[in-house]
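Respectively, the protein sequence lines represent chains A and B. Take this note's numbering: the final residue in the first sequence is number 117, and no numbers are missing along the way. Take this note's numbering: the final residue in the second sequence is number 1231, and no numbers are missing along the way. No residue lacks a Cβ here, since even glycine has one placed at the ideal position from N, Cα and C. Notes to accompany the following structure.
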Amino acid sequence: MSNFLDLDVVRAEEAPAPKPLRDLLASVPASAPRPHLSPQISDQLATQHGFASRDHSDRFLGATPVGRRHARGLPVEETKQLSIRMPLSLYTEFLAYADDRKLTYSDAIRALLNQRK
Amino acid sequence: MIIVVSNPKGGSGKSTTTLVLATHLAHLGATVCVIDADPNRPIQDWKLKGKSTSSITVIADVNETNFFDVLDAHSPHFQFVFVDLEGTASFLVSRAISSANLVIVPVQASAIDVRQASKAIRIVQDEEKAVRRFDSTRSIRFRVLMTRTPAPGAPVSLSQKELERDLDQAGIPRFKTSLAERQAFKAMFNLRLTLKELEGDRRAGNLAAAYENADALATELVTLSTEGTNR
């Protein structure tokens, strides 16, 4: 028989049963957009920590390093992709026209359009 | 809640953490969006090329310039917006962190992972100071998440014990639950399915244990999100 029979039984407080995740989810509201930190401030902080821009679309908008040729495709204005189907003979003739004059295809189209003026 | 998953070190378990949590929450009825900001697009690949019927929405066309616009456009439609970041130290990472309610920093028990994780934590702390200048009540919480840990009951490496001790001594908050190295988590990517959808597939290994792990981690995350100190 226990020597502690005359003591009040000490019952450990039972922790409340954790709510199932599905119930918890019901109380989560939709995300609310928050005012943003200015990108300049964020980027400045990031630079101090050794972070750098990896956005290539922005990188090519900067100045071209001295002594280096302009990167091909330097976007002087917005660009669009043109993909067209044409007879093989026309295709061959167009490529020969561009190659003979050492023109990019877009420059070759520009040259042909200029001839029309 | 905007949850950013970040560690400049690649292979720390960012995408696995994102996919496990996002699909588990969605399975339980939450509205979940994943912004896949990793150039390799692992979550987009999972969604587009797989046959999963998970309700998660995946958005992949984000860059430094349009990140805030994409976030603003989508966040009001979802309870949880996860941002799975690239394993680099880029401006996109810092911008995403500045907009987060919670930053999860997945870490494996390796010195390289920890050093890179410290980088992520320092920038979270600085971004928080910066956002508090215009909103003193705002906070960006973060939690370190131990990833690829041994399954419960398996021996724990000395390096993991040391890491846990260092984190505790430094007062760095971490999830009590870790994400164990499980065949099922790998199978999610390989077979492009959710844990639930892997039922009956032997390639998933101990699926029940993986599900339990995902549920414990998600519960900790949701409890954290309902504590309500963040704005």
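Asked, Found
"Give me whichever residues DSSP pairs with leucine 103(A) in a beta bridge.", "None, per the DSSP bridge assignment."
"The ligand FAD and aspartate 100(A): does the residue's C-beta get closer than 6 Å to at least one heavy atom of that ligand?", "The ligand FAD is absent from the structure shown, which contains no ligands of any kind."
"Buried or exposed, going by whether 16 or more other CB atoms sit within 10 Å of the CB of proline 1106(B)?", "buried"
"Going along the chain, which residues of the segment 1010–1029 of chain B sit with their C-beta nearer than 8 Å to a C-beta in chain A?", "Leu1025, Leu1028, Gly1029"
"Compare the beta carbon distance of valine 1081(B) and serine 31(A) with 7 Å and say whether it is the shorter of the two.", "yes"
"So, under 8 Å CB-CB, serine 1006(B) and alanine 1120(B) are touching, yes? Tell me the CB distance rounded to an integer number of Å.", "5 Å"
"Quick one: Cα of phenylalanine 94(A) to Cα of proline 87(A), how far?", "11 Å"
"When you check each C-beta in the segment 1135–1150 of chain B against every C-beta of chain A, which residues fall closer than 8 Å?", "Asp1135, Arg1138"
"Tell me whether leucine 90(A) sits in a helix, a strand or coil according to DSSP, three-state version.", "helix"
"Of all Cβ atoms in chain B, is any one closer than 7 Å to the Cβ of aspartate 120(A)?", "No answer is possible for residue 120(A): the residues shown for chain A start at 1 and end at 117."
"What is the DSSP secondary structure of isoleucine 1003(B), reduced to helix, strand or coil?", "strand"
"In this structure, does DSSP put proline 35(A) in helix, strand or coil?", "coil"
"Which chain A residues sit within Cβ distance under 8 Å of aspartate 1126(B)?", "Leu45, Gln48, His49"
"Give the secondary structure of valine 1144(B) by DSSP, where H, G and I count as helix, E and B as strand, and everything else as coil.", "strand"
"Using the C-alpha atoms, what's the distance from proline 1173(B) back to isoleucine 1123(B)?", "15 Å"
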